[in-house]
Amino acid sequence: MEIDGDLRFFTVERDGHPVAAAFGAFLRYQVWRNIKVPLFVAGSPANLGCGFLFRDETVVDEALPLLAEAMTAEARALGAKVLLMRDFWSPGPEAEFAPRFAGLGFRRVAQFPDAVLDVPWADVDGWLADLPTKARKTAKRDARRVEAAGFRFETHRGRPSPKLAADMERLWLNLYHKYQDPDQILLPGEYFREVPALAESVLLLTWHGDQLACFDMLSERGHLLESTYSGADYELIGSTPVHRFMGHQIIRHAIEGGFTLIDFGLSNEAAKIKMGCHLRVAWAYSKPLSPFAKLTRLDKLVFPDQDPIAELQKEMAKQQQSDED
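Taking my numbering, I'd label the letters of the sequence shown as residues 14 to 338.
Structure (structure tokens):
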């Protein structure tokens, strides 16, 4: 599968056996209009997730500098001006890696807030009973409105048909062009054919007749249910609350599948907070690679210091004030 980035893999071996690995990709990161910075990112350009793997904790101190050195050399050879080690979550492994990357000369920078939901309920009725009265009424009303408008819901496993894959790509492109997020690469059509065929993948689909109106692509990872990608046909959905209905279906799927945590990912954080999600921060570690990049602190221009949760809270407060006015 070809993606918009050159993938590289790195390994550390001891006595002929692999004990650690890392992967990343060279890409051009859009900072403003047509201005792009050559960048090497540790991790997958197609999904969130830490790009480092270790046999166990005992090899981290030995293996991390070797992986970072190899990645730095490869990034420079590819022409990257900045190296970014991304997706270290807080709370979580970030606390352990922060001092290690600092010792290797990397700058710690916050990336974005990620919405996650704990799933303590044994059944759907328990979840509904725990919702505030207004939210519970909204969930039930949404289901009725979606059904009354002629939409139907389906869970799909396995390789999608060529038509379904093409429809998912089309609906995902609607969101891609709407948000124009520089962290998001342009996925090939093959992605929507091959990734849903993986054993851990499941598709949640909402149809209107024979037309796909909305989809969510989920990954089942142990106790975690991860919402990977989604798409929507805005004209077909209109004012029907299909998006919110799909969020409720993700929660239903998690409860019925015995998952204890849902990662709803990025965007629409305010709406996800209303669903009961809490936010965690993804941290990254950056380093300029060329003399010019060091002199201009290019890494700081591309990835400025920020407090993403505080900024989100300000935006939510402004929106609330605007609604009240």
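A virtual CB, placed ideally from N, CA and C, is assigned to each residue, including glycine.
In angstroms, rounded to a whole number, what distance separates the CA positions of Met329 and Ala283?
-> In the sequence shown, counting from the first residue as 1, residue 329 sits at position 316. In the sequence shown, counting from the first residue as 1, residue 283 sits at position 270. Distance from the CA atom of Met329 to the CA atom of Ala283, rounded to whole angstroms, is 7 Å.
Verify whether the separation of the beta carbon atoms of Phe53 and Leu96 is less than 8 Å.
-> Translated into the one-based positions of the sequence shown, residue 53 becomes position 40. Translated into the one-based positions of the sequence shown, residue 96 becomes position 83. Cβ distance < 8 Å, so Phe53 and Leu96 count as in contact.
Just how far apart, CA to CA, sit Val122 and Phe101?
-> For the purposes of this step, residue 122 is taken as the residue at position 109 of the sequence shown. For the purposes of this step, residue 101 is taken as the residue at position 88 of the sequence shown. Computed Cα separation, rounded: 10 Å.
Examine the Cβ distances between the region 107 to 117 and the region 261 to 272 and report whether three or more of them are shorter than 8 Å.
-> Counting Cβ pairs under 8 Å, fewer than three are found: no touch.
The region 150 to 164 / the region 295 to 308 touching (three or more Cβ pairs under 8 Å) | Contact fails: fewer than three Cβ-Cβ distances are below 8 Å.
Identify the residues that DSSP records as bridge partners of Asp312: which are they?
-> In the sequence shown, the residue the question calls residue 312 occupies position 299. Note: Asp312 sits in no beta bridge, so no partner.
Please report the residue range of the alpha helix (DSSP H) in which Ala283 lies.
-> The count along the sequence shown starts at 1 and reaches residue 283 at position 270. Start and end: Glu282 to Lys287.
Select from Leu199, Glu203, Ser57 and Pro317 the residue whose C-alpha is nearest the C-alpha of Leu177.
-> By 1-based counting over the sequence shown, the position of residue 177 is 164. Selected option, being the one with the closest Cα: Glu203.
Could you say which of Asp19, Phe65 and Glu324 lies nearest to Ala90 if we only look at CA atoms?
-> Stepping through the sequence shown from its first residue, residue 90 is reached at position 77. Relative to Ala90, the option among Asp19, Phe65 and Glu324 whose CA is nearest is Asp19.
Please list, in chain order, all residues of the same chain as Leu217 whose beta carbon is under 7 Å from its beta carbon, the five residues on each side excluded.
-> For the purposes of this step, residue 217 is identified with residue 204 of the sequence shown, where counting begins at 1. Sequence-distant Cβ neighbours of Leu217 in its own chain, meaning closer than 7 Å and more than five residues away, are Thr168, Phe228, Asp229, Leu231, Met259, Gln262, Ile263 and His266.
Exposure of Ser57, with buried meaning 16 or more beta-carbon neighbours within 10 Å = Looking up residue 57 in the sequence shown gives position 44. Buried.
Closest by C-alpha distance to Val132, when choosing among Leu79, Gly270 and Asp180 | On the sequence shown, position 119 is the one that residue 132 refers to. When only C-alpha atoms are compared, the closest one is Gly270.
Taking 8 Å as the cut-off, decide whether the C-beta atoms of Val294 and Pro126 are in contact.
-> Translated into the one-based positions of the sequence shown, residue 294 becomes position 281. Translated into the one-based positions of the sequence shown, residue 126 becomes position 113. Between Val294 and Pro126, the gap from beta carbon to beta carbon is short of 8 Å.
Nearest-angstrom Cα distance between Thr219 and Arg172?
-> Within the sequence shown, residue 219 is the residue found at index 206, counting from 1. Within the sequence shown, residue 172 is the residue found at index 159, counting from 1. Roughly 17 Å separates the two Cα atoms.
Outcome for Asp69 when other beta-carbon atoms lying within 10 angstroms are tallied against a minimum of 16 = Start at 1 with the first residue of the sequence shown, and residue 69 comes out as number 56. Per the 10 Å Cβ criterion, exposed.
Euclidean distance between Cα positions of Leu311 and Thr85 | Here residue 311 refers to the residue found at position 298 when the sequence shown is read from its first residue. Here residue 85 refers to the residue found at position 72 when the sequence shown is read from its first residue. Taking the straight line from one Cα to the other gives about 16 Å.
In the DSSP assignment, find the alpha helix (DSSP H) that holds Asp131 and state where it starts and stops.
-> The count along the sequence shown starts at 1 and reaches residue 131 at position 118. Asp131 -> not in any alpha helix (DSSP H); beta strand (DSSP E) instead, spanning Arg120 to Asp131.
Opening and closing residue of the alpha helix (DSSP H) in which Leu218 lies = For the purposes of this step, residue 218 is identified with residue 205 of the sequence shown, where counting begins at 1. DSSP places Leu218 outside any alpha helix (DSSP H); the residue lies instead in the beta strand (DSSP E), whose first and last residues are Ser214 to His221.
Return the residue from the list Val215, Arg183, Leu237 and Leu308 that minimises the CA-CA distance to Gln224.
-> As a working mapping, residue 224 is identified with position 211 in the sequence shown. Checked all of Val215, Arg183, Leu237 and Leu308; the closest Cα to Gln224 is Arg183.
Alpha helix (DSSP H) segment containing Gln262, residue limits | On the sequence shown, residue 262 is found 249 positions in, with the first residue counted as 1. Where Gln262 is concerned, the enclosing alpha helix (DSSP H) stretches over Val255 to Gly270.
Nearest-angstrom Cα distance between Arg170 and Val137?
-> Taking the sequence shown and counting its residues from 1, the one referred to as residue 170 is at position 157. Taking the sequence shown and counting its residues from 1, the one referred to as residue 137 is at position 124. Cα atoms of Arg170 and Val137: separation of roughly 22 Å, rounded to the nearest angstrom.
Are Gly251 and Leu188 touching if we call contact CB-CB under 8 Å?
-> Position 238 of the sequence shown, counted from the start, is the residue given in the question as residue 251. Position 175 of the sequence shown, counted from the start, is the residue given in the question as residue 188. Leu188 sits away from Gly251, with the two beta carbons spaced by 8 Å or more.
Please report how far the alpha carbon of Leu148 lies from the alpha carbon of Phe119, in whole angstroms.
-> Here residue 148 refers to the residue found at position 135 of the sequence shown. Here residue 119 refers to the residue found at position 106 of the sequence shown. Per the sequence presented here, residue 148 reads as Ala, with Leu not at that position. Each residue's Cα considered, the two are about 44 Å apart.
So Gly37 is in the beta strand (DSSP E); what residue range does that whole segment cover?
-> The residue labelled residue 37 in the question sits at position 24 within the sequence shown. Taken as a continuous stretch (DSSP letters only), the beta strand (DSSP E) holding Gly37 covers His30 to Trp45.
List the endpoints of the continuous beta strand (DSSP E) containing Glu26.
-> Taking the sequence shown and counting its residues from 1, the one referred to as residue 26 is at position 13. Under the DSSP assignment, Glu26 falls in the beta strand (DSSP E) whose first and last residues are Asp19 to Arg27.
Please go through the same chain and pick out, in chain order, the residues whose beta-carbon is closer than 7 Å to the beta-carbon of Leu325, but skip the five residues on each side of it.
-> Locating residue 325 in the sequence shown gives position 312, where the first residue counts as 1. Within its own chain, the residues whose Cβ lies closer than 7 Å to the Cβ of Leu325, once the five positions on either side in sequence are excluded, are Pro126 and Glu282, listed in chain order.
Check the DSSP bridge columns for Thr168 and list the partner residues they point to.
-> In the sequence shown, the residue the question calls residue 168 occupies position 155. Thr168 pairs with Leu217.
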